[in-house]
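Read the structure below first, then the notes.
Residue numbers (this note's numbering): 1 to 107.
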């Protein structure tokens, strides 16, 4: 192997690891966000767990965070919680920080 091949393999490995970590952080963030919203809707622990999983799955509907935000705003509004996109976006940012912190501590 040449030095170039080694460097290329190392770059590919790092890229794959970074992508996996980004996926894990986003999934953890969405779970935390679902738990946050479930608290606002006063769901039971079982309902909260199921709702958090539903928020994680909402991420796969389309690229980006808009599908998650739309789901949360719609569900919270339907549950009678006075909320807007801006508050959900703030919560999304806060939970992203918490998700990163949790994953860094677990490694």
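Each residue gets a CB set at the ideal place from its N, CA and C atoms; glycine is no exception.
Since the structure is predicted, the reported quantities are computational estimates derived from the model, not experimental observations.
Put simply, the backbone Cα of residue 56 is about 27 angstroms away from that of residue 12.
DSSP places residue 77 inside the alpha helix (DSSP H), whose first and last residues are 66-78. In terms of CA proximity to residue 41, 83 leads the group 20, 83, 8.
In this model, residue 49 and residue 22 are separated by some 22 angstroms (Cα to Cα). Excluding sequence positions up to five before and after residue 99, its CB lies within less than 7 angstroms of the CB of 25, 28, 29, 32, all in the same chain and listed in chain order.
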